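For reference, the structure is listed below as structure tokens.
2 protein chains.
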Amino acid sequence: MSQEPRGVELGTSLGYLLKEASSALRASMEAVLRPLGMTVTHYSCLELLAQRPGLSNSDLARGTFVSRQSMNVLLLALERDGFVTRPDKAPVGKALPTQLTALGRSRLASASAAVRAVEERMLGALDDASRLEARRILSGFVTSLTSGDT
Amino acid sequence: MSQEPRGVELGTSLGYLLKEASSALRASMEAVLRPLGMTVTHYSCLELLAQRPGLSNSDLARGTFVSRQSMNVLLLALERDGFVTRPDKAPVGKALPTQLTALGRSRLASASAAVRAVEERMLGALDDASRLEARRILSGFVTSLTSGDT
DNA sequence: TGACTCATGTCAACATTCTGACATAGGTTA
DNA sequence: TAACCTATGTCAGAATGTTGACATGAGTCA
Chain A
1 MSQEPRGVEL
11 GTSLGYLLKE
21 ASSALRASME
31 AVLRPLGMTV
41 THYSCLELLA
51 QRPGLSNSDL
61 ARGTFVSRQS
71 MNVLLLALER
81 DGFVTRPDKA
91 PVGKALPTQL
101 TALGRSRLAS
111 ASAAVRAVEE
121 RMLGALDDAS
131 RLEARRILSG
141 FVTSLTSGDT
Chain B
1 MSQEPRGVEL
11 GTSLGYLLKE
21 ASSALRASME
31 AVLRPLGMTV
41 THYSCLELLA
51 QRPGLSNSDL
61 ARGTFVSRQS
71 MNVLLLALER
81 DGFVTRPDKA
91 PVGKALPTQL
101 TALGRSRLAS
111 ASAAVRAVEE
121 RMLGALDDAS
131 RLEARRILSG
141 FVTSLTSGDT
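Residue numbers (full-length UniProt numbering), protein chains in the order written: chain A, 1 to 150; chain B, 1 to 150.
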């Protein structure tokens, strides 16, 4: 250790703090998902699929913030393990609507509970008003950052 | 597109929103750093080093939320390009204190300005009170999530 | 109809990061 | 002193993710 315990003026950057919080959340999620034999990427995909059945590969990629190529290899694995199913042929266009299987749903259930517990721990003693404020602030970040994107 | 425009109850998860904001920030940073021939990882390392000269490889890894093996390959590249320097032998223990070179400092200057502009755009119309509130909330997230870590 | 644009799925090559492992330096404690 | 324990740097292998590229299906518009 070549430095004093903790940050000085680096902690004044909200961007750094945002990254720090996001990393801490991901680490905590990985910690509770590992005993269940699941990764954060797997969970994110299944959770998204549970809330919005029939999403395509590209939809899922956007929703989990990865490239559609990465999502494709993930879906192949999930398909091989029997967690999701995709039709052989696209009903319309090229998009293949993905569906959770019963096995996928049951595996997701325990993982979802674990993740929800982590999120609740993250929110800690934040009252409802503060949670609303947090949502307002974070939503503002996203819209401000993505406003210029065509 | 196999779904309606935007989220429904998925947007109620502060964890998802946190990840979304962090991803948007990283994408915006990549966009402004690419013209400068720099990646987010490079910038993070240099910025950390500018604010805390003499950090070791492991220190930098912790500060940028990557493994020390990854940081090592990054430092080798930065060293090769003449942005940082490390002594051949450790002055104490095994930790090698890293220093920015003049070239590294000058390259960092423009990148730092660009990133600061992105952060300011993210904060948008947030007044000082809201920024304080944001810092309070995000700091709370980090401490709540990492409280159980020995 | 035909040309154009856009989104999608998929292939290949590359880059990045991580995990596992090992030896070493320093501190702690019996 | 000697036996731990922790932290560090580094090597090797594997997993994961990305970019670039291509063909296909659907909609748009002259």
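Positions of the beta carbon are idealized from the N, C-alpha and C atoms, including for glycine.
Here the structure is a predicted model, which means the values were calculated and not measured.
* For L138 (chain B) and R121 (chain A), believed in contact at Cβ under 8 Å, the rounded distance -> In fact, because the Cβ distance is near 15 Å, the residues do not count as touching under 8 Å.
* **Enclosing alpha helix (DSSP H) for R52 (chain B) [first to last residue]** => Careful: R52 (chain B) lies outside any alpha helix (DSSP H) and carries neither H nor E.
* Is T85 (chain B) helix, strand or coil when you go by DSSP? -> strand
* Asked: Which runs of the alpha helix (DSSP H) fall wholly inside the UniProt domain "HTH marR-type" (11 to 143) of chain A and span at least 4 residues, in chain order?
  -> 14 to 33, 40 to 51, 57 to 64, 68 to 80 and 102 to 123
* Buried/exposed call for L103 (chain A), threshold 16 Cβ in 10 Å -> Exposed is the call here.
* **Residues near A55 (chain B) by beta carbon distance below 8 Å, same chain, minus five either side** => A small fix is needed here, since residue 55 (chain B) is Leu in this sequence, not Ala. Excluding sequence neighbours, L55 (chain B) sits near L48, L49, G63, P97 and T98.
* To do: Could you tell me whether any Cβ in chain B is nearer than 7 Å to the Cβ of K19 (chain A)?
  => yes
* So, is the C-beta of L25 (chain A) closer than 7 Å to a C-beta in chain B? -> yes
* Mind listing the chain B neighbours of M122 (chain A)? Cutoff is C-beta to C-beta under 8 Å, in chain order. => L14, G15, F141, S144 and L145
* **Amino acids of chain A, ordered along the chain, whose beta-carbon sits closer than 7 Å to that of A134 (chain B)** => L14 and I137
* Asked: Do N57 (chain A) and residue 170 (chain A) come within 7 Å of each other at the CB atom, strictly closer than that value?
  -> This structure leaves residue 170 (chain A) out entirely; chain A is present only between 1 and 150.
* To do: Would you please verify whether the beta carbon of Q3 (chain B) is less than 7 Å from any beta carbon of chain A?
  => Low confidence applies to Q3 (chain B): its pLDDT is 42, below 50, so where it sits in the model is not reliable, and the reading given next is rough at best. Output row for Q3 (chain B): interface = yes.
* Members of the segment 69 to 85 of chain B near chain A, C-beta cut-off 8 Å -> none
* Might you give, ordered along the chain, the residues of its own chain that have their beta carbon closer than 7 Å to the beta carbon of L123 (chain B), omitting 5 neighbours on each side? => So the list reads R131, once near-sequence residues are dropped.
* Asked: When the cut-off is 7 Å and only beta carbons count, does S22 (chain B) lie next to chain A?
  -> yes
* **Buried/exposed call for V8 (chain B), threshold 16 Cβ in 10 Å** => Confidence at V8 (chain B) is low in this model, with a pLDDT of 41, below 50, so its placement is unreliable and the value that follows should be read with caution. Burial call: exposed.
* **Contacts of residue 173 (chain A) in chain B (Cβ-Cβ under 8 Å)** => The question about residue 173 (chain A) has no answer here: the residues shown for chain A are numbered 1 through 150.
* To do: Under 8 Å between beta-carbons, which chain A residues line up against R105 (chain B)? List them in chain order, please.
  => In chain order: nothing, as chain A lies at least about 17 Å away.
* Asked: Cβ of V84 (chain A) within 7 Å of Cβ of L76 (chain A)?
  -> no
* To do: At 7 Å on the CB atoms, spell out the chain B contacts of R34 (chain A), in chain order.
  => Neighbours of R34 (chain A) on chain B: none; closest Cβ ~15 Å, over 7 Å.
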